[in-house]
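In my numbering, the protein residues as written are 6 to 88.
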């Protein structure tokens, strides 16, 4: 069991909702906490959001981040050779 002290304003709002919905204050608090927990669990970080796309449209070459300067030089030299 957990006891929570609420500011008067929140206590009054809780009481009003309790009467309006014909539910106990405990039920309303449980529902609110369940929504909070669901919201927290469903929030993903940027890595989790993009994981399905990583490598999906890749070139198949795993070393591009290491060899990009060399590839650019090769393309520039090839372009100059054709002129």
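Glycine included, C-beta positions come from ideal geometry on N, C-alpha and C. A quick note: this is a predicted structure, and the numbers were derived from the prediction, not measured.
{"Check": "Inter-stretch contact (C-beta, 8 Å, three-pair minimum) for the stretch 11 to 20 and the stretch 28 to 41", "Outcome": "yes"}
{"Check": "Short Cβ contact (9 Å threshold) for residue 69 with residue 76", "Outcome": "yes"}
{"Check": "Backbone CA spacing between residue 34 and residue 59 [nearest angstrom]", "Outcome": "40 Å"}
{"Check": "Helix, strand or coil at residue 35 [DSSP, three-state]", "Outcome": "helix"}
{"Check": "Helix, strand or coil at residue 59 according to DSSP, with G and I counted as helix", "Outcome": "coil"}
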